Amino acid sequence: MTTPEPDRPAGSPGAVAESGPERGKRSRREWWPDALAVLSFVLPAFWITARLWLDPARGVRDNRTDQSQFEWMMAHGARVMTEFVHPFTSDRMNVPDGVNLMANTSVLSVSLPMTPVTLLLGPRASFLLFLTLGMIATATAWYFVLSRVIIGSRGPAWLGAAFCAYAPAMVSHANAHPNIVSQYVVPLIIWRTLRLAEPGRWLRNGVLLALVIVWQAFLNLEILFMTAIGLGIVIGVLALGRPELRARARTFLAGLGVAAGVALVLLAYPLYVQFAGPGAYQGLSPLIRGYSTDLASFVAYSRESLAGDERSAKGLAKNPTEENAFFGWPLVVLVVALVWWLRRDVVVRGLAAAGLLFGVLSLGREIQVNGRGTGVAAPWALLENLPVLHSVVPTRWALAITPVVGLLLAYAAERVRRLAVRHPRARPQIRFATVTVLAMALVPLLPTPLPAVRLDPTPAFVTSGAWRPYVAGGRSIVTLPLPDTNYADPLRWSAETGLEMPIARGYFLGPDTRPGRHRVALFTAPPRPTSDFFTEIRRTGAVPPITPQSRVDAVADLRYWRAGAVVLGVHPYADALRRGMTELTGIRPRYTGGVWLWDVRALTD
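So for the sequence shown, this note's numbering puts the first residue at 2; every next one is plus one.
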């Protein structure tokens, strides 16, 4: 797959070994382009997150709940490092049942090493740093693997790397999905997989591949799964299209066996916890598995792109964080043309096959166009209930097309560069045509800063530690409304205490344990009468009728949650929530530290 720089003629000045100062000067000249490339990757990352850096009180507007969840996860990583708690589960959320963090986005490969940042600057700062550095690291890793391993020249590598890190789908997931925009391990997996065929190094290379696989497993298993499928397709096409590579098959397979064995040993217990431990679930709910890619979105522009806006993107994706296609007409036409132009290259054919498969799978059960179903079943309908696949969000398959397009752009740019070298007289025309075509396809996709919103400040009741007496003896704090996929501020409060403040319920993926629900995933704990009561208030602003049974259920639920106190912070329906809690328990709250507080220890002891 490597296309090296053209060799220098034998005996030319550049071919003579240099020593002393000349060698140092040459080394510095060689690294300047790399340093500039990395700097160019830093600027768009800070541009995309600029509003969050300029005002620390702001958060991601379009995905506040996931931001709260990731701040909580960063605090969990710090707690693992400082208190040596179990890394794969936690009792700090969803008291008393806890949370299976392996079945959620625990991001331990980042939260653990970022413990000093979390402890010194807080979980919000570590979340923002994770998000920003994730994009920079992704572009940088792609650049070095493309320039040193796959393509062999810097310019095409820079183009491919920039697209892989800052394509519309990646910017869309920058809306509080740092584990998805942090794809810097993916090019490392590709690099180490290609090295498996090196003669005599199958053991070493297999172990190194296993280590990067484990690294990615604790960052995002979904991305690891898609990477494995994409690599499998490309390598399979390579094996068919390049017979000379089959001589290395034994070495490659030996290294692959070592990688699989070592990775399985290292991941055996975490995977057991994920799939069979407390809080494990059996696939996503049918609603989430219905998240598919609209066929029209492939030629549309994302709301976070220069040429897009919220009005044009609305209806083509389930939410602003799942705009996984949105390549625009010019780029779609360009990619089709590039595949046709480079069709004799077996690697390009493999990439095209992988991209086509990902695109088809992303369509979900039924093909949709402009937000409307066509009645035409898509292949995913036959696959969605299979083990492992039942935990994949279909539209995420389209996310895997981004690196495919990035690699195709890099391959095409390298082919153009070689054409310019072979035809020096036509070089100006070749360069002009290339820049024009790329500008037409890529300039409309340039990212814009993420929308931000001012977050409600954490109440003094939390920051002052006034909650501590109420959690003594294993009690929890119950917040109104109870946290779920629509309201996750209590996770942020708990994170700011270093998870010392345990909370009832939460925002996480856990099993639906109700009869007949088959333990499919919910985005919170299974509903209870009192949680349903306050969900209705949060949804409508009206207090439902309160019966004697409602009061009995409230006491039972508070005892189940081991509640020491119930607190209510800033909320649009605060009056209704306060009245509902008071009438349910008969306890009059007091206002302290920015919250209404119900001391319910007498009810739950």
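Yeah, the Cβ is synthetic: ideal placement off N, Cα and C, and Gly gets one too.
Because the structure is a prediction, the values reported are computed rather than measured.
Practice task
Take Val86 and list the residues in its own chain whose beta-carbon comes closer than 6 Å to its own, dropping the five residues that flank it on each side.
Solution key: The residue you call residue 86 lines up with position 85 of the sequence shown. Cβ within range, chain order: Arg80.
Exercise for the section: For my contact list, Ala413 and Ala158 are in at a C-beta cut-off of 8 Å; report their separation, rounded to the angstrom. Expected result: Numbered from 1 along the sequence shown, position 412 holds the residue referred to as residue 413. Numbered from 1 along the sequence shown, position 157 holds the residue referred to as residue 158. Not confirmed; about 13 Å, so no contact.
Handout entry: Stretch pair the stretch 343-352 + the stretch 480-494: three plus CB contacts closer than 8 Å
Key = no
Problem - Thr480 (DSSP reduced to helix, strand or coil) - result: Numbered from its first residue, the sequence shown carries residue 480 at position 479. Of the three classes helix, strand and coil, the one that applies to Thr480 here is strand, per DSSP.
Problem - Alpha carbon of Leu585 to alpha carbon of Trp398, nearest angstrom - result: One-based indexing of the sequence shown puts residue 585 at position 584. One-based indexing of the sequence shown puts residue 398 at position 397. Taking the straight line from one Cα to the other gives about 46 Å.
Handout entry: Residue range of the unbroken beta strand (DSSP E) whose run includes Ile368
Key = Taking the sequence shown and counting its residues from 1, one reaches residue 368 at position 367. Residues Glu367 to Val370.
Problem - Close beta carbons around Val182, own chain, < 6 Å, minus the five adjacent residues each side - result: Position 181 of the sequence shown, counting from 1, holds the residue named residue 182. Closer than 6 Å at Cβ, skipping near neighbours: Gly135, Met136, Met171, His174 and Ala175.
Handout entry: Entirely enclosed alpha helix (DSSP H) segments - the stretch 376-406, minimum 4 residues
Key = 381-384
Handout entry: Runs of alpha helix (DSSP H) lying entirely within the stretch 502-570, each at least 4 residues, in chain order
Key = 530-541 and 549-561
Problem - Whether Gly1 touches Ile402 by CB criterion (7 Å) - result: Because the chain in this structure spans residues 2 to 606, residue 1 falls outside the shown range and cannot be described.
Problem - 4 or more residues per run - each alpha helix (DSSP H) lying fully within the stretch 236-320 - result: 250-277, 287-290 and 311-314
Practice task
Closer than 7 Å by C-beta to Asn180: which residues in its own chain qualify, once you throw out the five before and the five after it? Chain order, please.
Solution key: Counting from 1 along the sequence shown, the entry for residue 180 is found at position 179. Within the same chain, Asn180 has close Cβ partners Thr106, Val108, Leu220 and Asn221.
Problem - DSSP state of Leu451 mapped onto helix, strand, coil - result: The count along the sequence shown starts at 1 and reaches residue 451 at position 450. Three-state DSSP puts Leu451 in coil, outside helix and strand.
Problem - Anticipated Cβ contact below 8 Å, Thr525 with Gly280, distance rounded - result: Here residue 525 corresponds to residue number 524 of the sequence shown, with the count starting at 1. Here residue 280 corresponds to residue number 279 of the sequence shown, with the count starting at 1. In fact, because the Cβ distance is near 12 Å, the residues do not count as touching under 8 Å.
Problem - Which of helix, strand or coil DSSP assigns to Ser91 - result: On the sequence shown, residue 91 is found 90 positions in, with the first residue counted as 1. Looking at Ser91 - three-state DSSP - the assignment turns out to be strand.
Exercise for the section: Tell me where the beta strand (DSSP E) around Arg59 begins and ends. Expected result: By 1-based counting over the sequence shown, the position of residue 59 is 58. Start and end: Arg59 to Val61.
Handout entry: Leu55 versus Ser298, Ala126, Glu84 and Ala378, residue with shortest Cα-Cα distance
Key = For the purposes of this step, residue 55 is identified with residue 54 of the sequence shown, where counting begins at 1. That would be Ala126, whose Cα lies nearest to the Cα of Leu55.
Problem - Among Pro482, Glu497, Asp576 and Pro503, the one whose alpha carbon lies nearest that of Thr1 - result: The structure shown has nothing for residue 1, since the chain only spans 2 to 606.
Exercise for the section: Return the CA-CA distance between His391 and Val377, expressed in angstroms with no decimal places. Expected result: Stepping through the sequence shown from its first residue, residue 391 is reached at position 390. Stepping through the sequence shown from its first residue, residue 377 is reached at position 376. In a straight line, the C-alpha of His391 is about 21 Å away from that of Val377.
Practice task
Compare the beta carbon distance of Thr459 and Glu501 with 7 Å and say whether it is the shorter of the two.
Solution key: Taking the first residue of the sequence shown as 1, we reach residue 459 at position 458. Taking the first residue of the sequence shown as 1, we reach residue 501 at position 500. The answer is no: Cβ separation not under 7 Å.
Exercise for the section: Tell me, please, whether the CB atom of Ala264 is closer than 7 Å to any CB atom in chain D? Expected result: Structure shown: chain D not included; a single protein chain is present.
Practice task
Figure out for me which residue from Ala162, Pro448, Leu387 and Asp67 has the closest Cα to the Cα of Gly309.
Solution key: Counted from its first residue, the sequence shown places residue 309 at position 308. Considering only alpha carbons, the answer is Pro448.
Exercise for the section: Decide if the stretch 161-171 is in contact with the stretch 112-119; the criterion is three or more beta carbon pairs, one per stretch, under 8 Å apart. Expected result: no
Exercise for the section: Could you please give me the residues that DSSP links to Leu598 through a beta bridge? Expected result: Locating residue 598 in the sequence shown gives position 597, counting from the first residue. Val568 and Arg591.
Problem - Own chain partners of Ala138 with C-beta closer than 6 Å, once the 5 adjacent residues on each side are dropped - result: Taking the sequence shown and counting its residues from 1, the one referred to as residue 138 is at position 137. Excluding positions up to five away in sequence, the list reads Tyr185.
Problem - Coil, strand or helix - Phe145 by DSSP - result: Position 144 of the sequence shown, counting from 1, holds the residue named residue 145. The answer is helix: DSSP assigns Phe145 an H, G or I state.
Exercise for the section: Would you kindly check if the distance between the Cβ of Ala338 and the Cβ of Phe253 is under 7 Å? Expected result: As a working mapping, residue 253 is identified with position 252 in the sequence shown. As a working mapping, residue 338 is identified with position 337 in the sequence shown. Cβ distance not < 7 Å, so Phe253 and Ala338 don't count as in contact.
Handout entry: Whole-angstrom distance between Gln68 and Pro503, CA atom to CA atom
Key = Here residue 503 refers to the residue found at position 502 of the sequence shown. Here residue 68 refers to the residue found at position 67 of the sequence shown. In a straight line, the C-alpha of Pro503 is about 18 Å away from that of Gln68.
Handout entry: Spatial distance of Thr375 from Glu367 (CA atoms)
Key = Translated into positions along the sequence shown, residue 375 becomes position 374. Translated into positions along the sequence shown, residue 367 becomes position 366. Their backbone Cα atoms lie some 7 Å apart in a straight line.
Problem - Counted within 10 angstroms of its Cβ, other Cβ atoms place Trp341 as buried (16 or more) or exposed - result: Position 340 of the sequence shown holds residue 341. The residue in question, Trp341, is exposed, as its Cβ has fewer than 16 Cβ neighbours within 10 Å.
Problem - Extent of the continuous alpha helix (DSSP H) run through Gly201 - result: Taking the sequence shown and counting its residues from 1, one reaches residue 201 at position 200. Premise fails: Gly201 is in no alpha helix (DSSP H) and is neither H nor E.
Practice task
Quick one: give me the first and last residue of the alpha helix (DSSP H) that Leu578 is part of.
Solution key: Within the sequence shown, numbered from 1, the residue matching residue 578 stands at position 577. From DSSP, the alpha helix (DSSP H) with Leu578 extends over Ala575 to Thr586.
Practice task
Taking Gln184 as part of the alpha helix (DSSP H), name the residues at either end of that continuous run.
Solution key: As a first step, residue 184 is located in the sequence shown; it is residue number 183 there, counting from the start. Note, Gln184: premise wrong, no alpha helix (DSSP H); not H, not E.
Practice task
Rounded to whole angstroms, what's the CA-CA distance from Met82 to Asp457? Just pull it up for me.
Solution key: Here residue 82 corresponds to residue number 81 of the sequence shown, with the count starting at 1. Here residue 457 corresponds to residue number 456 of the sequence shown, with the count starting at 1. Taking the straight line joining both Cα atoms gives about 29 Å.
Handout entry: Nearest-angstrom Cα separation, counted from Leu132 out to Tyr273
Key = Counting from one through the sequence shown, the residue named residue 273 turns up at place 272. Counting from one through the sequence shown, the residue named residue 132 turns up at place 131. Using only the alpha carbons, I get a separation of about 29 Å.
Handout entry: Euclidean distance between Cα positions of Ala264 and Arg193
Key = Stepping through the sequence shown from its first residue, residue 264 is reached at position 263. Stepping through the sequence shown from its first residue, residue 193 is reached at position 192. Going by the C-alpha atoms only, they are around 14 Å apart.
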